[in-house]
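This note's numbering puts the first residue of the sequence shown at 24, with every later residue one more than the last.
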Amino acid sequence: MTTSPNIHQAVNHLFRQASGKMVAVLVKIFGAENYTLVEDVVQDALLSGLETWKLNGIPDNPEAWLFRVARNKAIDIIRRKKHQYNIDFSSPEQLSPSTEYTLASTFDQYWQDQAIRDDFLGMMFACCHPDISPENQVTFILKSLCGFSTREVARAFLTSEDTISKRLYRTKEFFRTNDIRPVIPPPAQLSGRLDAVLNSLYLLFNEGYSATQHEQLVREDIIAQAIYLCQSLLDHEHTRQPRTSALMALFCFHAARIHSRLQSDGTIIPLSQQDRRQWDKALIASGNEWLNKAASGTALSPFHLEAAIAYEHCIAPGYAATNWKMILAYYDALLQLTKDPVILLNRSVALLEYAGAPAALQSLEVVQSHRQLNRYYLYHAVLGEIYKRMNEKDKAVASFEQARQLTTAQQEQQFLTAKIADT
24 MTTSPNIHQA
34 VNHLFRQASG
44 KMVAVLVKIF
54 GAENYTLVED
64 VVQDALLSGL
74 ETWKLNGIPD
84 NPEAWLFRVA
94 RNKAIDIIRR
104 KKHQYNIDFS
114 SPEQLSPSTE
124 YTLASTFDQY
134 WQDQAIRDDF
144 LGMMFACCHP
154 DISPENQVTF
164 ILKSLCGFST
174 REVARAFLTS
184 EDTISKRLYR
194 TKEFFRTNDI
204 RPVIPPPAQL
214 SGRLDAVLNS
224 LYLLFNEGYS
234 ATQHEQLVRE
244 DIIAQAIYLC
254 QSLLDHEHTR
264 QPRTSALMAL
274 FCFHAARIHS
284 RLQSDGTIIP
294 LSQQDRRQWD
304 KALIASGNEW
314 LNKAASGTAL
324 SPFHLEAAIA
334 YEHCIAPGYA
344 ATNWKMILAY
354 YDALLQLTKD
364 PVILLNRSVA
374 LLEYAGAPAA
384 LQSLEVVQSH
394 RQLNRYYLYH
404 AVLGEIYKRM
414 NEKDKAVASF
424 EQARQLTTAQ
434 QEQQFLTAKI
444 ADT
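Here's what the structure looks like:
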């Protein structure tokens, strides 16, 4: 056993990795109609880990420890309460524990490494069933398989926690009433569901890049998980598509810069002041390789264009030498594919550098009516920077203060406090 000086941080990291896998396997065992039971077993396993590890330290293989606890709890339920939960083992995807003698050995087959990986990927695509709305698909993946809190998912969607709770309830009901199983779809159906899976990984990475409920603004563990899941899609012949490669390129370009984003005390370093010598050249090269592979197809996805924007930042020798004209062109092309107000906001930042504050302010007027952005701290932070460059100090301070009130991340609040003091 090993002990940890910060048990909560370690446990959060481990739980995020293990909980989704346990959900996928347990849905395979108990069926989607018993999804609440699945959540209870996972929660019991996590609580057991929390209580035991506080006393004995974290085991050498904590994920296997949690899987063993979940396996034993599932066996206990089958032995003592299977009629209470009306568990049906007639599905061809399930292993039928026919006798007490073979129960434990049969259940071991569920928890083999390859079986867990297949069920996890299958569960991701089950969440992307075509009769589930796209927003509910991504919400459910983030919550059930990626370990997001309801609050984190709400921030990713720029919406309220109540809205997310309702989405989760509707999706659970759909799983229950339609007996959705964690099975990888056949090739003819799989491609159409890939976008929702890629979007979920995109949001997962973003949460790691700028965390909501953690003392660290950058969560390298979450970033690594998003990259790992994307790699798992690239390893599957039917999901190894140009848009998947484009998303991996985007991940690599952003991940390459994470160690230059914060000072040693956690203070945010804006892109214009980052030490580019700290950027991971190997990751940038890897991102370039994935971007080249993404160019093999004829379809253009938002991930292609976002990766191209990130590439321009990575190859610029300095902030002043950034090719803002090319970045603006990519944003214009991106807006032909999506009307996401956040894209308009990001375009305004590029326009601020390329054409100046008045042009950027004019572009922001297009998105001022979006209620989502009014709850987004970066909108007000960008507005504050525009007003600051226009020497409208009162408006700049008011915007920075509004942004500070809307973010819960301590580092972001400190950064905005400094911006106010410097205005």
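A virtual CB, placed ideally from N, CA and C, is assigned to each residue, including glycine.
query, result
"Where ILE366 sits in the DSSP three-state scheme", "helix"
"Start and end residues, alpha helix (DSSP H) containing ASP355", "347-360"
"Neighbourhood of PHE148 by C-beta, 7 Å cutoff - its chain only, sequence neighbours within 5 removed", "ILE207, PRO208, LEU213, ARG216, VAL220"
"Sub-7 Å separation of TYR400 and LEU429 beta-carbons", "yes"
"ILE52 in three-state terms, based on DSSP", "helix"
"Inter-residue spacing [alpha-carbon to alpha-carbon] between PRO205 and LEU165", "16 Å"
"Residue range of the alpha helix (DSSP H) that includes SER422", "416-429"
"Assigned secondary structure, LEU323 (DSSP; H/G/I helix, E/B strand, else coil)", "coil"
"ILE207 in three-state terms, based on DSSP", "coil"
"Buried or exposed (CB count within 10 angstroms, at least 16 for buried), LYS362", "exposed"
"Cut-off 8 Å between Cβ atoms - residues of its own chain near GLU243, not counting five sequence neighbours on either side", "GLY231, ILE281"
"Terminal residues of the alpha helix (DSSP H) in which ILE139 lies", "136-149"
"Strand pairing of LEU374, partner residues [DSSP]", "According to DSSP, which records beta bridges pairwise, LEU374 is partnered with nothing at all."
"Beta-carbon proximity check, LYS44 vs ASP67, cutoff 7 Å", "no"
"ALA279 versus TRP302 - alpha carbon distance", "5 Å"
"Start-end ranges of the alpha helix (DSSP H) lying completely within the stretch 237-285, minimum 4 residues", "243-257, 265-278"
"ALA41 (DSSP reduced to helix, strand or coil)", "helix"
"Alpha helix (DSSP H) segment containing ASN57, residue limits", "Run containing ASN57: none; DSSP gives neither H nor E here."
"At least 3 beta-carbon pairs within less than 8 Å: the stretch 263-277 vs the stretch 328-346", "yes"
"Through-space distance from PHE197 to GLU56, alpha-carbon basis", "9 Å"
"CA nearest to the CA of GLU435, picked from GLY289, LYS304, TRP347", "GLY289"
"Neighbourhood of SER268 by C-beta distance below 6 Å, restricted to the same chain and skipping five residues each side", "TRP313, LYS316, ALA317"
"7 Å Cβ shell around ALA383 - same chain, five flanking residues per side excluded", "SER371, LEU374, LEU375, ILE409"
"Cβ-Cβ separation, ASP185 to LYS51 (assumed contact under 8 Å), whole Å", "Incorrect: roughly 31 Å between the Cβ atoms, too far for contact."
"C-alpha gap between GLN437 and LYS418, whole angstroms", "19 Å"
"Enclosing alpha helix (DSSP H) for ILE292 [first to last residue]", "Per DSSP, ILE292 belongs to no alpha helix (DSSP H) and is neither H nor E."
"Which of helix, strand or coil DSSP assigns to ILE155", "coil"
"Same chain, Cβ closer than 7 Å to GLU86, neighbours up to 5 away in sequence not counted", "LEU37, GLN40, ALA41"
"Within the stretch 208-233, ranges of the alpha helix (DSSP H) (whole runs, at least 4 residues)", "210-232"
"Alpha-carbon to alpha-carbon, TRP347 and ILE332", "9 Å"
"Residue environment, PRO381, which counts as buried when at least 16 other CB atoms sit within 10 Å", "exposed"
"Alpha-carbon to alpha-carbon, PHE163 and CYS151", "9 Å"
"Neighbour-count burial assignment, GLU329, 16 or more Cβ in a 10 Å radius", "buried"
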